[in-house]
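Letter 79 of the sequence shown, counting from 1, is numbered 557 in this note's numbering, and no numbers are missing.
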Amino acid sequence: MILSHSGFRLIGAISRESYPHTRVNFVVPRNFRRINSILNPDGMKGLSDSDICSIAEELIEDDVIGLACMTEDAAVVKWLINRIRSLNSKAIIVWGGVHAILAPEDAIAHADAVCTNEGEKTFPKLLERLEAGKDYRNVEGFWFRDGENIIKGPFSPLLTPSDMDNLPHPLYGTEQIYQPGVGFRLIAVGDYLDFDALSYNTVWSRGCPFRCSYCANVAFMDIDRGYGKIRHSSVSHIIDEVVSAVSRNPHISFVAFHDDCFISLPEEVLREFSAAWQQSVGLPFIIHGLTPAHVRHEKIKILRTAGLTRVRMGIQSGSDRILKFYGRPNRPGLVKEAIQIVGAFAKEMIPPAYDIILDNPIETKEDVEATIRLVQEMPRPFTLNIFALRNIPNTELGRQLDELDFEIEGIEQGYTSVRPTFANMLLYLVAFARLPGPLFEWLLGFVKPYRESTQTFSPLLTLFMVLFFVRRAAQHFLFLDFSVVFGRLGYLLWKFRIVGRKRCLNP
479 MILSHSGFRL IGAISRESYP HTRVNFVVPR NFRRINSILN PDGMKGLSDS
529 DICSIAEELI EDDVIGLACM TEDAAVVKWL INRIRSLNSK AIIVWGGVHA
579 ILAPEDAIAH ADAVCTNEGE KTFPKLLERL EAGKDYRNVE GFWFRDGENI
629 IKGPFSPLLT PSDMDNLPHP LYGTEQIYQP GVGFRLIAVG DYLDFDALSY
679 NTVWSRGCPF RCSYCANVAF MDIDRGYGKI RHSSVSHIID EVVSAVSRNP
729 HISFVAFHDD CFISLPEEVL REFSAAWQQS VGLPFIIHGL TPAHVRHEKI
779 KILRTAGLTR VRMGIQSGSD RILKFYGRPN RPGLVKEAIQ IVGAFAKEMI
829 PPAYDIILDN PIETKEDVEA TIRLVQEMPR PFTLNIFALR NIPNTELGRQ
879 LDELDFEIEG IEQGYTSVRP TFANMLLYLV AFARLPGPLF EWLLGFVKPY
929 RESTQTFSPL LTLFMVLFFV RRAAQHFLFL DFSVVFGRLG YLLWKFRIVG
979 RKRCLNP
């Protein structure tokens, strides 16, 4: 479970409304934001068997144990469930979160109940039935295991904007975190600094109208077509949430929105949000949900006026053929147009980050070249979030690859470590510095597609990755941005009032 998981925090807050003694515990198998984890993701150590035993022993006294995770941590959850079962076979174990929604067949093989879509309204109903000793197996939005039988309940309706306005704010500051060798303890400021730096991470809107084949949103829309419509609480609700979090943890100096499609919100909503943000919050904020199809200069300008300091946009590939394979909303030139719009603000903000997917077995030499060429020609400054293509269960991508008889590693293997091919090495190089035209064209001639790349360039790839990340860190230092890493250093600067509320980047 990542520490910034706002959904888990929200369920914890909802549970505590009716059951004040609810314990909300975080188990973090690894910290992706440590420098060594960024440079060597394969070298991260996870939890040991003794850790799992310790965690289970502290949970077995509870009547109901709710667990949530992404698919990459599903194996850890199964491991933990097995250990809990061996110590307390009577505990009711409920599994929720993205993996449970994507792969309920997998989750129900281990848990007593699996939440199959939004659980903010249905989970309290389940707890009420359990407390009253009533039959709980007809609560909608869940699958239940009854011996060898699986009871598949109907999906529950999605939350409406009015429902979202009535939700409590996510818990922040009263949770516990597991520390190896110590056990669960009250979360401390240092934990936030190590995992979230000086950021408060949240989600305002839900839903996405697009059906990208590699994304879990496709499965969500298969459950309920309404997920394709963007829903959000009122501006006052999200503002109150952030103000509440900052009042409890005044070191918060940045707010990161992890909405899938923040930029897709109507312009009038963004104007209302921006005005309220300037008046009541005044902190720099980051948007991770930029989609090329909905990027508009005026929208960026509105948000920039309110304190937008960094954006992240998924472009995934420079090849129109591959974008079609991914099911991305696209037309020739769309990605470049969006990059130009975002790039126009690059000198006012921390350089924008663009997501790129590598190691795709269906890519041809021309596809790989198109992506590298796009990066070479991008307006600078910028940075990249580079990912390896991985298979997520029950997504359209998995079905596509099966039809093509291609196999790729699953998401549980991690997705931040790419193969040390010449093409990947060259992409990191041109992301670091634009090459002279003749040199670039000469090097591009040596590029091979993923399936044909047998020669490895590990030392060079590592070198260019180090250069790339050193420059990225320097960009954050230049803007005194401690929203991702170096949280303890940022905290020291916050103490001296060098970063924080008064550092909001006004145009």
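A virtual CB, placed ideally from N, CA and C, is assigned to each residue, including glycine.
Spatial distance of residue i from residue j (CA atoms)
i, j, result
"Asn-863", "Val-944", "14 Å"
"Asp-880", "Gln-953", "42 Å"
"Val-576", "Glu-746", "31 Å"
"Ile-530", "Ile-840", "39 Å"
"Met-522", "Glu-750", "Note that Met-522 scores a pLDDT of 44, beneath 50, so its modelled location is shaky and nothing firm can be said."
"Tyr-736", "Glu-539", "It is worth fixing the name first, because residue 736 is His in this sequence and not Tyr. In a straight line, the C-alpha of His-736 is about 35 Å away from that of Glu-539."
"Thr-849", "Pro-632", "43 Å"
"Ser-895", "Ala-866", "6 Å"
"Leu-939", "Val-977", "34 Å"
"Ser-515", "Leu-904", "Any reading at Ser-515 must be qualified, since the residue scores a pLDDT of 49, below 50, and its modelled position is unreliable; the value itself is stated next. Straight-line Cα distance between these residues: approximately 22 Å."
"Phe-946", "Ala-909", "7 Å"
"Leu-921", "Thr-934", "15 Å"
"Pro-646", "Glu-919", "56 Å"
"Trp-557", "Ser-564", "11 Å"
"Phe-942", "Arg-561", "43 Å"
"Gly-811", "Ser-714", "38 Å"
"Glu-874", "Asp-738", "18 Å"
"Val-963", "Val-720", "21 Å"
"Arg-774", "Ile-870", "31 Å"
Residue nearest to residue i in terms of C-alpha spacing, selected from the options
i, options, result
"Ser-526", "Arg-703, Glu-847, Tyr-656 and Ser-895", "Tyr-656"
"Pro-807", "Pro-648, Phe-823 and Ser-742", "Ser-742"
"Tyr-705", "Trp-755, Val-660, Asn-595 and Thr-652", "Asn-595"
"Gly-659", "Ala-866, Glu-550 and Ser-532", "Ser-532"
"Pro-648", "Ser-722, Val-948 and Phe-935", "Ser-722"
"Lys-777", "Phe-740, Leu-761 and Ile-800", "Phe-740"
"Leu-676", "Val-713, Cys-693 and Asn-727", "Asn-727"
"Ser-936", "Pro-898, Asn-838 and Phe-504", "Pro-898"
"Glu-618", "Gly-625, Lys-603, Leu-608 and Ala-610", "Lys-603"
"Ala-585", "Ser-634, Asp-551, Val-963 and Asp-613", "Asp-551"
"Thr-600", "Val-506, Leu-636, Phe-924 and Ala-666", "Leu-636"
"Pro-762", "Val-733, Glu-847 and Pro-744", "Val-733"
"Val-506", "Gly-485, Leu-875, Thr-638 and Phe-673", "Phe-673"
"Ser-731", "Ser-484, Lys-973 and Gly-485", "Lys-973"
"Asp-641", "Gly-651, Arg-684 and Ala-694", "Arg-684"
"Tyr-969", "Asp-669, Arg-703, Leu-882 and Lys-630", "Asp-669"
"Val-759", "Pro-859, Met-827 and Tyr-678", "Tyr-678"
The ligand ATP heavy atom lying under 6 Å from the CB of residue i
i, result
"Ser-683", "In the structure shown, the ligand ATP is absent, as is every other ligand, since no ligand is present at all."
Beta-carbon proximity of residue i to residue j, cut-off 7 Å
i, j, result
"Val-502", "Glu-653", "yes"
"Tyr-832", "Ser-691", "no"
"Asp-796", "Leu-852", "Sequence inspection shows Gly at residue 796; the Asp mentioned does not correspond to that position. Their beta carbons are under 7 Å apart, which means Gly-796 touches Leu-852 by this criterion."
"Glu-887", "Arg-868", "yes"
"Val-846", "Ala-911", "no"
"Glu-536", "Phe-688", "no"
"Met-856", "Ile-817", "yes"
"Leu-781", "Ala-694", "no"
Beta-carbon separation (whole angstroms), residue i vs residue j, contact threshold 8 Å
i, j, result
"Asp-829", "Thr-783", "Looking at the sequence provided, one finds Pro at residue 829 rather than Asp. Contact flag wrong, Cβ pair sits at about 19 Å."
"Ile-835", "Gln-794", "5 Å"
"Ser-752", "Asp-643", "Rounded, the Cβ-Cβ distance is 20 Å, inconsistent with contact."
"Ile-717", "Ala-666", "The pair is not a contact, with the Cβ atoms about 27 Å apart (cut-off 8 Å)."
"Asn-838", "Ile-800", "7 Å"
Query raised in the report: Should the region 560-572 be called in touch with the region 532-548, which here means at least 3 C-beta pairs below 8 Å?
Result: Because the criterion of three Cβ pairs below 8 Å is met, the region 560-572 and the region 532-548 touch.
Query raised in the report: Is it a yes or a no for the region 760-768 touching the region 789-799, going by three-plus beta-carbon pairs under 8 Å?
Result: Yes, since at least three Cβ pairs between the region 760-768 and the region 789-799 fall closer than 8 Å, the two stretches touch.
Query raised in the report: Quick check: the region 610-624 against the region 578-597, are there 3 or more CB pairs under 8 Å?
Result: Put simply, the region 610-624 touches the region 578-597. At least three CB pairs are less than 8 Å apart.
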